[in-house]
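Asks: Here the sequence shown is numbered in the numbering used here, starting from 2 and rising by one per residue. Virtual Cβ for every residue (Gly too), placed ideally from N, Cα, C. What follows is a structure written as structure tokens; I'll ask about it next.
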Amino acid sequence: MGIHHHNHPYMTIHDFNEHSHIGWNNSLKPIAEVESGQVVTYEITEASGGQFTKNSTVEDVKNIDFSKVNPVAGPVYVKGAQPGDTLEVEFLDFKQLDWGWTALIPGFGLLAEDFKDPAIKIFDLKKRNTTEFLDGIDLFLKPFPGTVGVALPEVGDFSIVPPRKNGGNMDIRHLTKGAKLYLPVWVEGALFSIGDTHAAQGDGEVCGTAIEASMEATVRFKLHKGKTIAEPRYEIPGPPTPEADSRGYFVTTGHGEDIFKASQNAIRYMIEHLVSEYRMTEEEAYMLCSISVDLRISEIVNSPNSLVSAFLPKSIFR
2 MGIHHHNHPY MTIHDFNEHS HIGWNNSLKP IAEVESGQVV TYEITEASGG QFTKNSTVED
62 VKNIDFSKVN PVAGPVYVKG AQPGDTLEVE FLDFKQLDWG WTALIPGFGL LAEDFKDPAI
122 KIFDLKKRNT TEFLDGIDLF LKPFPGTVGV ALPEVGDFSI VPPRKNGGNM DIRHLTKGAK
182 LYLPVWVEGA LFSIGDTHAA QGDGEVCGTA IEASMEATVR FKLHKGKTIA EPRYEIPGPP
242 TPEADSRGYF VTTGHGEDIF KASQNAIRYM IEHLVSEYRM TEEEAYMLCS ISVDLRISEI
302 VNSPNSLVSA FLPKSIFR
């Protein structure tokens, strides 16, 4: 179908496969040009790049081709953008969720050493605000893009996996409708791309996947000339998690010589709690941590140990 220009300033980018790329490279040819103030709707394919379906099984996880994972739509050339400027991306809407998936991928995730077997769970996302995790457990749908960023100044191909100074695979669950993301511009035209849309996620995305789901994402661009930032910043229009805050939390803590070890311990203890209290498997508990538990840094200055808290919202339990 290609790209349809409606009367300015709206544009819809269809046909994700033709207008997507994997990894960052500042020599990629833009798929479209936009002006500051323009609104663009993207049709985004979930992070497996179409390798998983709503009928996928563990076999599909075993056979996943990592070279096709986490495609992003773009790049889009923002007219007038020059290195040293800031590109503001306002998230206006996310819709048309149908189904989603969460998987345990061997070798990947915070507890890769504990969970060596593949697993996958498929979610029905047709209800507007919640999805069932297990009988009696309903998660809040709060869609956002896991990967959003601009081209890097350095020449060459850069993996899509880690976040960087250009944004990228940041997995910031708070970039929901109404949020504004500020990205440093590193190259002419900024070369903006977006993908890896999630229906729900906890802070940390600990198993390596959220509820991965295809969807339509609508954003508005605004260029801030001469405003320079070193790394992305964002603002959100209200409290981050009112739906989750409503009934309080159960919190586990973990300490360690660094944030990673402390986080591993906090999540291990949360898995232990979930398995003992809610009759679920360890795999299910690990997935639930990834899609609904928030990791918070409680303490990072009292060396040699840091302390991390893992917040489980009680409101997800009926």
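Between the C-alpha atoms of Arg280 and Glu47, what's the straight-line distance to the nearest angstrom?
Replies: In the sequence shown, counting from the first residue as 1, residue 280 sits at position 279. In the sequence shown, counting from the first residue as 1, residue 47 sits at position 46. Cα-Cα distance, rounded: 30 Å.
Asks: Applying the criterion that 16 or more other CB atoms from any shown protein chain within 10 Å of the CB defines a buried residue, is Thr229 buried or exposed?
Replies: Taking the first residue of the sequence shown as position 1, residue 229 is located at position 228. Answer is exposed; the Cβ neighbour count stays below 16.
Asks: Between which residues of its own chain and Gly50 is the CB-CB distance below 7 Å, once the five residues before and five after are set aside?
Replies: On the sequence shown, position 49 is the one that residue 50 refers to. Answer for Gly50: Lys69, Val70, Pro72, listed in chain order.
Asks: Tell me, please, which residues DSSP counts as bridged to Glu91.
Replies: Against the sequence shown, residue 91 aligns to sequence position 90. In DSSP, Glu91 forms a bridge with Lys181, Arg221.
Asks: Return yes when the Cβ of Phe251 is within less than 8 Å of the Cβ of His225, no when it is not.
Replies: Mapped onto the sequence shown, residue 225 falls at position 224. Mapped onto the sequence shown, residue 251 falls at position 250. Taking 8 Å as the Cβ cut-off, His225 and Phe251 do not qualify as a contacting pair.
Asks: Nearest to Ser264 by alpha carbon, out of Leu296, Ile272, Arg248?
Replies: On the sequence shown, residue 264 is found 263 positions in, with the first residue counted as 1. With distances taken between Cα atoms, Ser264 lies closest to Leu296.
Asks: Candidates Ser37, Ala82, Asp115: which alpha carbon is nearest Ile272's?
Replies: Along the sequence shown, read from residue 1 onward, the residue named residue 272 stands at position 271. The shortest Cα separation from Ile272 among Ser37, Ala82, Asp115 belongs to Asp115.
Asks: Tell me which residue opens and which closes the beta strand (DSSP E) that Lys122 is part of.
Replies: Along the sequence shown, one-based indexing puts residue 122 at 121. Looking at the DSSP string, the run of the beta strand (DSSP E) that includes Lys122 is 120-125.
Asks: For a minimum of 4 consecutive residues, which ranges assigned as the alpha helix (DSSP H) are wholly contained in the stretch 160-206?
Replies: DSSP runs (the alpha helix (DSSP H)) wholly in the stretch 160-206: none.
Asks: Contact between the stretch 115-128 and the stretch 51-67 is defined here as three or more beta-carbon pairs at a separation below 8 Å; is this criterion met?
Replies: Yes, the stretch 115-128 is in contact with the stretch 51-67.
Asks: Can you give me the C-alpha to C-alpha distance between Glu283 and Tyr11, rounded to a whole angstrom?
Replies: Within the sequence shown, residue 283 is the residue found at index 282, counting from 1. Within the sequence shown, residue 11 is the residue found at index 10, counting from 1. Approximately 46 Å, taken between the alpha carbons.
Asks: Hey, quick one: how far does the alpha helix (DSSP H) through Glu284 stretch, first residue to last?
Replies: Translated into positions along the sequence shown, residue 284 becomes position 283. Note, Glu284: alpha helix (DSSP H), 283-293.
Asks: What separation, rounded to the nearest whole angstrom, lies between the Cα atoms of Ile106 and Pro243?
Replies: Here residue 106 refers to the residue found at position 105 when the sequence shown is read from its first residue. Here residue 243 refers to the residue found at position 242 when the sequence shown is read from its first residue. Each residue's Cα considered, the two are about 31 Å apart.
Asks: With distances taken from CA atoms, which of Ile212, Gln39, Val309 is nearest Ile92?
Replies: Taking the sequence shown and counting its residues from 1, one reaches residue 92 at position 91. The residue asked about is misnamed: residue 92 is Phe in this sequence, not Ile. Of Ile212, Gln39, Val309, the residue nearest in Cα terms is Gln39.
Asks: Ignore the nearest five residues each way along the sequence and tell me which others in Lys262's own chain have a CB closer than 6 Å to its CB.
Replies: For the purposes of this step, residue 262 is identified with residue 261 of the sequence shown, where counting begins at 1. Answer for Lys262: no residue qualifies.
Asks: Which residues in the same chain as Arg319 place their Cβ atom closer than 6 Å to its Cβ, once the five residues preceding and following it in sequence are excluded?
Replies: Taking the first residue of the sequence shown as 1, we reach residue 319 at position 318. Contacts found: Gly137.
Asks: Rounding to the nearest angstrom, what Cα-Cα distance links Met2 and Glu19 in this structure?
Replies: Taking the first residue of the sequence shown as 1, we reach residue 2 at position 1. Taking the first residue of the sequence shown as 1, we reach residue 19 at position 18. Low confidence applies to Met2: its pLDDT is 44, below 50, so where it sits in the model is not reliable, and the reading given next is rough at best. In a straight line, the C-alpha of Met2 is about 10 Å away from that of Glu19.
Asks: With 16 other CB atoms within 10 Å as the buried threshold, where does Arg174 fall?
Replies: Counted from its first residue, the sequence shown places residue 174 at position 173. Buried.
Asks: Suppose you measure from the CA of Met171 to the CA of Pro164; what does that come to, to the nearest Å?
Replies: Position 170 of the sequence shown, counting from 1, holds the residue named residue 171. Position 163 of the sequence shown, counting from 1, holds the residue named residue 164. Distance between the alpha carbons of Met171 and Pro164 is about 5 Å.
Asks: With distances taken from CA atoms, which of Gly147, Gly168, Glu155, Pro185 is nearest Asp204?
Replies: As a working mapping, residue 204 is identified with position 203 in the sequence shown. Answer by Cα proximity: Gly147.
Asks: Taking all protein chains shown into account, decide if Asp86 is buried (16 or more other Cβ within 10 angstroms of its Cβ) or exposed.
Replies: Taking the first residue of the sequence shown as position 1, residue 86 is located at position 85. Burial call: buried.
Asks: Run through DSSP, which three-state label would Ile260 get?
Replies: Walking along the sequence shown from the start, residue 260 turns up at place 259. Ile260 falls in the helix class under three-state DSSP.
Asks: Whole-angstrom Cβ separation of Ala33 and Val77, contact assumed at under 8 Å?
Replies: As a first step, residue 33 is located in the sequence shown; it is residue number 32 there, counting from the start. As a first step, residue 77 is located in the sequence shown; it is residue number 76 there, counting from the start. Correct: roughly 5 Å between the Cβ atoms.
Asks: What are the residues that DSSP puts in a beta bridge with Met271?
Replies: One-based indexing of the sequence shown puts residue 271 at position 270. DSSP output for Met271 lists no bridge partner at all.
Asks: Taking Thr254 and Ser299 to be in contact with their CB atoms under 8 Å, please state how far apart those CB atoms are, rounded to whole angstroms.
Replies: Within the sequence shown, residue 254 is the residue found at index 253, counting from 1. Within the sequence shown, residue 299 is the residue found at index 298, counting from 1. Contact holds; Cβ gap of about 7 Å.
Asks: Among Thr210, Glu236, Gly227, which residue has its Cα nearest to the Cα of Val62?
Replies: As a working note, residue 62 is residue 61 in the sequence shown. It is Thr210.
Asks: For Ile237, which residues in the same chain have their Cβ closer than 6 Å to its Cβ, ignoring the five residues on either side in sequence?
Replies: Translated into the one-based positions of the sequence shown, residue 237 becomes position 236. So the list reads His175, Ala180, once near-sequence residues are dropped.
Asks: In its own chain, which residues sit with a C-beta less than 8 Å from the C-beta of Asn27, not counting the 5 before and 5 after it?
Replies: Translated into the one-based positions of the sequence shown, residue 27 becomes position 26. Cβ within range, chain order: Ala152, Leu153, Pro154, Glu155, Val156, Trp187, Val188, Leu192.
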